[in-house]
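*Asks:* Here it is, the structure, as structure tokens.
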Amino acid sequence: MAKTKVISAKEAATLVKDGMTVMIGGFMTNGTAESIVKEVAAAGPKDLTVICNDAGFQGVGTGRLLSNGQIKKLIASHVGLNKECGQKFSAGELDLVLQPQGTLAEQVRAAGAGLGGFLTPTGLGTTVADGKEIVTVDGQDYVLEKPLKADVAIVQGFIADESGNIRYKGSTRNFNPLMASAADTVIVEVEKIVPAGEIGPDYVETPHIYVDYLVLKEEA
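Counting in this note's numbering, the sequence shown runs from 547 upward without gaps.
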């Protein structure tokens with residue numbers, strides 16, 4: 547089995563280009579590949595569409611890219627802990643799309659599964675449904691939500707083997723496995739890389755077929 551290429555965080559950042567759609571894993575920065583995001587902020591790609599659970603904190607996580615003005619559009623479920631996000635939206639400097647958290651997760655999962663979308667009653671009669679198709683099934687109205695896919699996913703894992711199989715740790719798992727299945731290029735930051743076969747099959751949460759690059763956290 548081939549080895550997955552190991553690169554530095556700085557090299558990983560060069561894979562993010564102007565105008566790309568980027569997924570960033572994590573939940574209030576827990577499970578965010580901070581060293582890679584830091585290098586993306588330093589590299590300076592602009593006009594990004596970022597898909598993530600939240601806006602991080604000011605200058606931390608996704609907040610780094612917001613502070614730099616690198617994000618053109620943000621698709622998230624919660625931004626209230628980063629006041630800079632609200633300020634940029636109010637000033638017309640940021641296109642902000644807020645989705646219910648479960649809907650956001652399912653949109654990412656749908657992309658990874660190759661689905662064309664899904665029907666949900668969540669958001670009916672609210673601004674969440676504005677501009678979206680409403681489908682009636684057996685007398686019940688549903689919002690048609692389309693999948694979310696990215697050019698690049700920046701994911702944090704715990705342990706990887708040399709083939710790129712990933713194991714996560716506790717709550718840092720959150721959005722990361724979903725995002726690893728829904729992008730053209732997947733970069734995973736891990737704390738340790740072990741020989742192929744050392745992660746038991748029951749503990750592999752993202753198979754190597756989804757992973758393009760590994761970043762060893764200690765070297766990032």
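Beta carbons: idealized from backbone N, C-alpha and C, even for Gly.
Between the alpha carbons of residue 663 and residue 657, how many angstroms are there, rounded?
*Replies:* 8 Å
*Asks:* For residue 609, count neighbouring C-beta atoms within 10 Å of its own C-beta (all shown protein chains included) and say buried if the count is 16 or more, exposed if not.
*Replies:* buried
*Asks:* Pick helix, strand or coil for residue 579, following the three-state DSSP scheme.
*Replies:* coil
*Asks:* Beta-carbon separation of residue 689 and residue 706 under 8 Å?
*Replies:* no
*Asks:* Looking at C-alpha atoms only, which residue of 746, 569 and 714 is the closest neighbour of residue 600?
*Replies:* For residue 600, the nearest C-alpha among the options comes from 569.
*Asks:* Please state if the CB of residue 666 and the CB of residue 691 are separated by a distance shorter than 8 Å.
*Replies:* Against a cut-off of 8 Å, the Cβ pair of residue 666 and residue 691 comes out as a contact.
*Asks:* Does the Cβ-Cβ distance between residue 654 and residue 694 come in under 8 Å?
*Replies:* Taking 8 Å as the Cβ cut-off, residue 654 and residue 694 qualify as a contacting pair.
*Asks:* Applying the criterion that 16 or more other CB atoms from any shown protein chain within 10 Å of the CB defines a buried residue, is residue 551 buried or exposed?
*Replies:* exposed
*Asks:* What separation, rounded to the nearest whole angstrom, lies between the Cα atoms of residue 582 and residue 672?
*Replies:* In a straight line, the C-alpha of residue 582 is about 36 Å away from that of residue 672.
*Asks:* Please report the distance separating the alpha-carbon of residue 617 from that of residue 594.
*Replies:* 5 Å
*Asks:* Helix, strand or coil for residue 553, going by three-state DSSP, please let me know.
*Replies:* coil
*Asks:* Could you give the first and the last residue of the continuous alpha helix (DSSP H) run that contains residue 608?
*Replies:* Counted as a single uninterrupted DSSP element, the alpha helix (DSSP H) harbouring residue 608 occupies residues 608-613.
*Asks:* Looking at residue 701: is its Cβ nearer than 8 Å to the Cβ of residue 720?
*Replies:* Residue 720 sits away from residue 701, with the two beta carbons spaced by 8 Å or more.
*Asks:* In angstroms with no decimal places, state the Cα-to-Cα distance between residue 739 and residue 585.
*Replies:* 21 Å
*Asks:* Between residue 632 and the ligand ATP, is there a pair consisting of the residue's CB and a ligand heavy atom that are separated by less than 7 Å?
*Replies:* Of the ligands one can find in the structure shown there are none, so the ligand ATP has no counterpart to examine.
*Asks:* Taking only three categories from DSSP, how would you classify residue 561?
*Replies:* For residue 561, the three-state secondary structure derived from DSSP is coil.
*Asks:* Just checking: is the beta-carbon of residue 655 within a distance shorter than 8 Å of some beta-carbon in chain D?
*Replies:* Included in the structure is just one protein chain, with no chain D present.
*Asks:* Look at the alpha carbon of residue 765 and the alpha carbon of residue 683, and state the distance between them as a whole number of angstroms.
*Replies:* With a pLDDT of 46 at residue 765, under the threshold of 50, the modelled position of this residue cannot be trusted; read the value that follows with caution. Each residue's alpha carbon lies about 53 Å from the other.
*Asks:* Assuming residue 615 contacts residue 625 under a Cβ cut-off of 8 Å, what Cβ separation, rounded to an integer in Å, is found between them?
*Replies:* Not confirmed; about 16 Å, so no contact.
*Asks:* Go through the region 684-753 residue by residue and report every complete run of the beta strand (DSSP E) that reaches 3 residues or more, in order.
*Replies:* 686-691, 696-702, 705-707, 729-736 and 738-740
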